[in-house]
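J.: Residue numbers (the working numbering), protein chains in the order written: chain A, 1 to 1080; chain B, 1081 to 1467. Glycine included, each C-beta is placed from N, C-alpha and C at the ideal position. The structure displayed is predicted, hence computed values, not measured ones.
(1) Do you know offhand how far residue 308 of chain A's Cα is from residue 113 of chain A's?
(2) Tell me which residues share the same chain as residue 1094 of chain B and place their Cβ nearer than 7 Å to its Cβ, disregarding the 5 neighbours each side in the sequence.
(3) Tell me the DSSP secondary structure of residue 1242 of chain B in three-state form.
(4) Note the first and the last residue of the continuous beta strand (DSSP E) segment covering residue 1106 of chain B.
(5) Could you tell me the alpha carbon to alpha carbon distance between residue 394 of chain A and residue 245 of chain A, rounded to whole angstroms?
(6) My output table needs one value for residue 996 of chain A: the three-state DSSP class, helix, strand or coil.
(7) With a CB to CB cut of under 6 Å and the five nearest residues on each side skipped, what residues in its chain are close to residue 659 of chain A?
(8) Can you list, in chain order, the residues of its chain with a C-beta nearer than 8 Å to that of residue 923 of chain A? Leave out the 5 residues immediately preceding and following it.
(9) Could you tell me which chain A residues have their CB closer than 9 Å to the CB of residue 1192 of chain B, listed as they occur along the chain?
(10) Pick from A:874, A:796, A:739, A:312: whose alpha carbon is nearest that of residue 384 of chain A?
(11) To the nearest angstrom, report how far apart residue 483 of chain A and residue 381 of chain A are at their CA atoms.
(12) Measuring only the C-alpha atoms, how far is residue 980 of chain A from residue 362 of chain A?
(13) Take the Cβ of residue 378 of chain A as the centre, count every other Cβ of all protein chains shown within 10 Å, and call the residue buried at 16 or more, exposed below.
(14) Going by beta carbon distance, what residues of the same chain come within less than 6 Å of residue 1167 of chain B, once the five residues before and after it are set aside?
(15) Mind checking the region 1367 to 1384 of chain B against chain A and listing, in chain order, the residues whose C-beta falls within less than 7 Å of any C-beta there?
(16) Is residue 839 of chain A helix, strand or coil by DSSP?
(17) Taking 8 Å as the CB-CB cut-off, is residue 382 of chain A touching chain B?
(18) Does the distance from the C-beta atom of residue 563 of chain A to that of residue 642 of chain A stay below 8 Å?
(19) Closer than 8 Å by beta-carbon distance: list the chain B residues that pair up with residue 350 of chain A, in chain order.
(20) Does the Cβ-Cβ distance between residue 1370 of chain B and residue 1389 of chain B come in under 8 Å?
(21) Please say whether residue 10 of chain A and residue 302 of chain A have beta carbons closer to each other than 8 Å?
(22) Going along chain A in order, which residues have a C-beta closer than 9 Å to the C-beta of residue 1159 of chain B?
(23) Is the region 1327 to 1338 of chain B touching the region 1357 to 1369 of chain B in the sense that three or more CB pairs, one from each, lie closer than 8 Å?
(24) Quick one: is residue 316 of chain A near chain B, going by C-beta distance under 8 Å?
(25) Give me the Cα-Cα distance between residue 728 of chain A and residue 20 of chain A, rounded to the nearest whole angstrom.
(26) If you measure between the beta carbons of residue 149 of chain A and residue 135 of chain A, is that distance less than 8 Å?
(27) Does residue 27 of chain A pass the burial test, meaning 16 or more other C-beta atoms within 10 Å, or should it be called exposed?
(28) Among A:293, A:91, A:512, which residue has its Cα nearest to the Cα of residue 1182 of chain B?
(29) Using a Cβ cut-off of 8 Å, pull out every chain A residue sitting near residue 1218 of chain B, in sequence order please.
(30) Do residue 440 of chain A and residue 89 of chain A have their C-beta atoms within less than 8 Å of each other?
(31) So, using beta-carbon positions, are residue 1326 of chain B and residue 1121 of chain B closer together than 8 Å?
(32) Can you check whether the CB of residue 1034 of chain A is closer than 8 Å to the CB of residue 1021 of chain A?
(33) Short of 7 Å in beta carbon distance, which residues of its chain neighbour residue 651 of chain A, apart from the five on each side in sequence? Order them along the chain.
(34) By DSSP, does residue 1051 of chain A sit in helix, in strand, or in coil?
(35) Check this for me: beta carbons of residue 1307 of chain B and residue 1289 of chain B, under 8 Å apart or not?
(36) Would you call the CB atoms of residue 1446 of chain B and residue 1465 of chain B closer than 8 Å?
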């Protein structure tokens, strides 16, 4: 059936900011959908508040709304654009929930808009636990025993039916937020209470525990002619009980016979039919009892998901693109399989390799959180690796994680541990449990025993046991001296670095011996068909293909082109995420335009950069020196390697610069030496002095005594930055000698090899980020971003405004001058990010990074100038003069970036901002004035500012002058104020009506009681000193769980008041990004 | 060509695949020791290796499994498609491991050994697949010797001396030798096979065994038929004596043209008698031959569990299990036969029906096992149409 001609325009809803459970994969899916549907001639309207996405690039959709994804705002976009259809299945749970709300409130009917991809009824049926279970009953599929509850009482009644342990799943939340496993009644009540709260429909499912069962997923695609295909099966190595997003998973499933697989296949398709997913991709999850194969359906997602991104990358089948085309009426047989270019998309991919995905966590960033996995997702990113056997793929994945692992490294805390201790560790579902299992095997524990405790399928444990035996042999006998022996080790995935550790030598030596024996990897293609058809698309992975004997077959076939290799950012983590992938993609696009062959190397399956059509050639490989050098070695066998770009993917590729340089590989753009100069404290200080720039006083301490001396010389407050961290506590602002001593005693190791850096902390300074691009001579300042939070809050966590909303013109000019001076001094060719602090009219240089920064996409979206693309071409040798850098829109609008935090996922963690970055993502609010842009940024970051009610204010002394004006405005806007004693006195003295409220320590009812009772609509709470921070933690925690907007800095509080006032003046209007940039 | 030619036997090699073009691919042997000569094909299914190995259509063939981990779910006594093994052996990437499935009763390599089948592991199966894709399925010899003693010259001459599947009537060789009735139904997780679940009053289907997969019989039973299996060489009169309500023509190995020499006249008589007739795979090809169409040897056969076919009546896509190296040439179909299904991979004929007789057939395997069960409706269509 051909595409629909009764619709001309389609609104695609994005997923918004990167949060745990909803990451880059929805940029990948949204981008594919936008591209595919635009090619079909539809007018595409897009809404996504996340500026760091490729999908929001203004040249992609016809009208791109970087606006908050809320039903109200999306309704306004619909009102304005009058799309014929809304595609809600590409933007995760956010898009699905928003679309459902618009269907329920009548907006879609009012404007005659239809949902395509999944209709409201199907979404509801899939997402509503009770309806889903009924649907499963109807088609004869078993579900775990369960009951729905809307209150704790109902939940306790349900518990009688299902028994303990029990799983609590809130309805309509993403990534399992608010859910958990209860082993006792008390725990049960606590989780149910939280779960009811997290569910927008105040509904939880209380479910029979299938803990320890095997978990599988099926990725299904269906078209409107009812053709249904399985793209991929996925098997979780972590048993049921660990959220699939947090589980180590493999594709395809390895432990099902065909008979069982077909049962699951039929069941998956039956689920789609019954739920009514008429077109598109869905994910169905199953639990299987390993003892008897009993199969129960766990859940389904009627949309593309993280798993479908994984399945797409694992098989080469572009699920999102195909799903988008199916949504407009095509059938599977009408869509071509891009990879073969000869067969249709109506088939089931079959693969001849094994894919392993390992999630990456950030528990160390959240002091007070326990690194335990459960049904609520906690991971912030993932790595995928491909090998010709599971051993190769899992070892590649482990080193691709970039957590310092080179393979199955020993768990430090378990060295010398007793069997009892290892057993105890195995019983805890921690992120490194597979490594614990490896240690258990090393300690001689049996596969059966490990299986008994941790429930890992014995097959995987036996495979690991083989690896441990091989490790032991290398430890005992050293490296093999013959090619066959070496190849055997490499073919099961051992990295040179791991072999070096085992053989007690250096990685360089292992590589030398290996190459001497001519043991090199080959590259195989991902072709969707296990070699049955020739693959047109160079999507590749390495393998030490080990025909037991004979020469392996390499399919890389490097071309004779002039080529540039772009190294990606690896797994997402806090501080390095989608922004860097954006930069890498832009480099691919720009260098392709400039006529180069682009070659992408990355291992993050969520990304656009790992789409087979982003670059000319794609290597899905870990970003280690060994893996990258082997790719380069192959690519250099034909054509001309112009160079490698390491500056766009964040720290990951930068860390490889030295190894590449040592190997004689040309590195494009700013020299690694300049990058090093900027990072080397002493060299950099010398440069600053030479340039006559100012830095906050600083010093370096290699002992506790020295730290005290340095701090006293600089003068408090000081910012402490350790190089080795204990207990997840890193940077800290220290105000007194006593605090300093505590910090050194408890938080860090200070020694000759792990010094502590000490800076004067510029209290209440305004921090500024500058993004610039330079060609070695000319410097273009792309954006000056004024932070809203004061210096001291990590720049990645701070909201910021472009252009600056309160900086004087002469200061901006000075900042631009200093930026240019630095860029020239560092001979920057490409991107540069500089952080300044402005205090009392003085500009201090905080940090320079001659590479891509997190803010590059935001700057590009705010200014309309594609800085990342320009930078890539400059790195390849072009001059800035050849680009149009004229300001497009200055004064027309202002853009505000706001960070988004995962605190709700880490109960017990104090949701306070500091020098350590904690945000997972960001949003942009854009409008004519700062206040409105800020209002939009808050809404986009899920903070709904109140229009009336009671505001609680408690600020530190130094903030009191600042807060008075804001308080006055609040009163004139009709808000009632309550404050703790000190703040109350200050406000009263300024003639502002306010009532006092008890601090928590002052007796009940105190402020936390009132927050919990829903009496507080907004909170401004700034603190100074550890004690006050501790005292106020319960305020922030209760605000977080009560979803009360709260601000922990005075400038942000003031901005919030301005935003409330702006929203009072006028409703939030929507405008496409394109209209902002076409006005000059 | 990427597959290595290694004239010197490497140390430790206990298995070898010698192709007629002189290529020698070394590996580790598993399963039975010995030597077997046949056609080397590949199969892309990721599950169901045991069903594949026991599928009689693979008689005379050595299977290269493209999926690297074969043997991972072990072997059991249920997942077999015939009483005797038929594929000669298999070539795999990874060594066979212990089983990871609750239904496993023994290791796959032990099962291979017990069935007298030869395996070679440690082969770059992807490279071998590419070679088959590009050059067609070669004839070859698979050999396993624990002591690593191979006479490559002899093996090569065996490979070269093997006449090839073309012109080979394997169906008659492996067919049942006498009539038997079948009344087991389909497998379920809870109950295993539905033993003795046949309907004694159902329409009588006589199934001609050219190398039949058991799951076809189970499907016929599940669809409500009373089933009698007869040898490939059964005559028209012998079949008619059974008073069939319908005739089923089974799958099977070898060259349809060769088997057709004796099978086609019988089929023609049954068609003329107006008997309803359903054919699968070789049965489909024989039906084609019976109405005057030609069959041809494909350069690259279809062997896997992911093959899409289009049902021409309504445009629906069925994902099917396929295993064939010969096909009915669409261009040679008479006016009284019309295509009902085509392969979406290469457009070859995947199903036909006669316009003047109650007969239809498909090239693929609606009985699945292994593979998707999208097309099981065909059994209901056939049995449901019988009086």
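T.: The relevant details are as follows:
(1) 27 Å
(2) 1108, 1109, 1224, 1225, 1226, 1228
(3) coil
(4) 1104 to 1111
(5) 17 Å
(6) strand
(7) 625
(8) 16, 17, 49, 50, 51, 68, 897, 898, 900, 937, 940, 941
(9) Within 9 Å Cβ-Cβ: nothing; residue 1192 of chain B doesn't reach chain A, min ~16 Å.
(10) A:312
(11) 37 Å
(12) 35 Å
(13) buried
(14) 1133, 1138, 1141, 1143
(15) 1384
(16) strand
(17) no
(18) yes
(19) 1124, 1125, 1126, 1146, 1147, 1384, 1385, 1386
(20) no
(21) no
(22) 257, 258, 259
(23) yes
(24) no
(25) In this prediction, residue 728 of chain A scores a pLDDT of 36, lower than 50, which makes its location untrustworthy; no coordinate-derived value is stated.
(26) no
(27) buried
(28) A:293
(29) Correct list: empty, because the minimum Cβ distance to chain A is about 15 Å.
(30) no
(31) no
(32) no
(33) 576
(34) helix
(35) no
(36) no
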